[in-house]
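Since the structure comes first, as structure tokens, the remarks are kept for the end.
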Amino acid sequence: MNHLRENGDEKTDDRFQMVKKIVLNPKSISMGEMYGEVNQLSQEWTDGLASKVMRNAAQEVEEEKTWVVFDGPVDAIWIENMNTVLDDNMTLCLANGQRIKLRSQMRMLFEVQDLAVASPATVSRCGMVYLTIEELGWRPFVKTWIYTFFKGYELMPDACKEHLWMLFEYTVDVALEFIRANCKEAVVTTDLQQVTSICNFLEYFIDESKGFKGQDDDKKKLLDCVFAWSYAWGIGGSLD
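When the letters of the sequence shown are read in order and numbered with my numbering, they come out as residues 1127 to 1366.
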């Protein structure tokens, strides 16, 4: 949406507005730190992280959209406080009686592992997007990694990035099929874990201090060597 706004002419179109994203992990803090609490000694109210974020977003007057992303496991305690936010009231009710009315430009996103302990009241208030590991595969991760980790990286020109993607494309599926059919692992892994291991090795070895330098053609040859080592240990390292 940001890209469409920057490159489009429809400035008043609701689909072409800038989006500000605020990400927090609800399980990394206590309920009081998340929604606010009263100090038992001074009887003073202290805003929580989520309530402060929502209050600031609700006070904005621009047409920009604000997405508050809760990236962490759902439990029946913190998510229940969201029920009034997610229904037609669009209001966060705090323990001190305050109410924060959300703007129509605001959205709540929950990025969760599963909904095992989420109540029907919560689930029925949300739209769901479900992605299975098998359907998503390893390709989106690798392509994103290549073009973000090496962004602005002078050692990796575009020709080398394309060559690296080709190496992944031609070799990874064959190896994953082979180890699943013929090999044993002490601890069972997923396909994405194996591919992530290859990327971790490559992040370490694609470095000038490790000898990765020269012209583009030289770098492609070095990339072949580094990839072969990373490939063998990234996919084979978990095998018995």
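Every residue, glycine too, gets a C-beta built ideally from N, C-alpha and C.
Identify which residue in F1338, A1221, L1241, C1351 has its Cα closest to the Cα of Q1169.
Along the sequence shown, read from residue 1 onward, the residue named residue 1169 stands at position 43. Out of F1338, A1221, L1241, C1351, A1221 has the C-alpha closest to the C-alpha of Q1169.
Decide if L1281 is buried, meaning its Cβ has at least 16 other Cβ atoms within 10 Å, or exposed.
To locate residue 1281, count along the sequence shown from 1; it is residue 155. That one is exposed.
Residue(s) in a DSSP beta bridge with M1232
Here the question's residue 1232 lines up with position 106 in the sequence shown. T1192.
Roughly how many angstroms separate the alpha carbons of V1298 and V1321, rounded to a whole number?
Your numbering for residue 1298 matches position 172 in the sequence shown. Your numbering for residue 1321 matches position 195 in the sequence shown. Looking at the two C-alpha atoms, the distance is approximately 8 Å.
With 16 as the cutoff for other CB atoms within 10 Å, does S1323 come out buried or exposed?
Position 197 of the sequence shown, counted from the first residue, corresponds to residue 1323. Buried is the call here.
Coarse secondary structure for K1146, derived from DSSP in three states:
Reading the sequence shown from its first residue, position 20 is the one you call residue 1146. In this structure, K1146 counts as strand in the three-state DSSP scheme.
Assuming F1275 and E1334 are in contact, meaning their beta carbons sit under 8 Å apart, how far apart are those beta carbons, in whole angstroms?
As a first step, residue 1275 is located in the sequence shown; it is residue number 149 there, counting from the start. As a first step, residue 1334 is located in the sequence shown; it is residue number 208 there, counting from the start. Contact flag wrong, Cβ pair sits at about 16 Å.
Beta-bridge pairing of I1226 - partner residues as DSSP gives them
For the purposes of this step, residue 1226 is taken as the residue at position 100 of the sequence shown. In the DSSP output, where bridge partners are listed per residue, I1226 has L1218.
Among the candidates L1302, K1277, C1351, whose CA atom is the shortest distance from the CA of E1260?
Reading the sequence shown from its first residue, position 134 is the one you call residue 1260. Here the closest residue by C-alpha is L1302.
E1311 to A1176, Cα distance in whole Å?
On the sequence shown, position 185 is the one that residue 1311 refers to. On the sequence shown, position 50 is the one that residue 1176 refers to. Across the structure, E1311 and A1176 are spaced so that their CA atoms are roughly 42 Å apart.
Got a sec, what are the start and stop residues for the alpha helix (DSSP H) C1351 sits in?
By one-based count along the sequence shown, residue 1351 stands at place 225. Taken as a continuous stretch (DSSP letters only), the alpha helix (DSSP H) holding C1351 covers 1342 to 1362.
Compute the Euclidean distance between the alpha carbons of K1346 and K1147, then round it to the nearest angstrom.
Here residue 1346 refers to the residue found at position 220 when the sequence shown is read from its first residue. Here residue 1147 refers to the residue found at position 21 when the sequence shown is read from its first residue. The alpha-carbon atoms of K1346 and K1147 are separated by roughly 38 Å.
Option in I1332, F1338, L1365 with minimal Cα separation from F1304:
By 1-based counting over the sequence shown, the position of residue 1304 is 178. Comparing Cα positions, the closest option is L1365.
Would you check if the distance between the CB atom of V1367 and the CB atom of M1216 is smaller than 8 Å?
Only positions 1127 to 1366 of the chain appear in the structure, and residue 1367 is not among them; the question remains open.
Report yes if the CB atom of A1244 is closer than 8 Å to the CB atom of N1209, and no otherwise.
One-based indexing of the sequence shown puts residue 1244 at position 118. One-based indexing of the sequence shown puts residue 1209 at position 83. No, the pair does not count as a contact, with Cβ atoms beyond the cut-off.
Considering only the beta carbon of each residue, do A1183 and M1127 sit closer than 8 Å?
Position 57 of the sequence shown, counting from 1, holds the residue named residue 1183. Position 1 of the sequence shown, counting from 1, holds the residue named residue 1127. It is not a contact, given that the beta carbons lie outside the stated cut-off.
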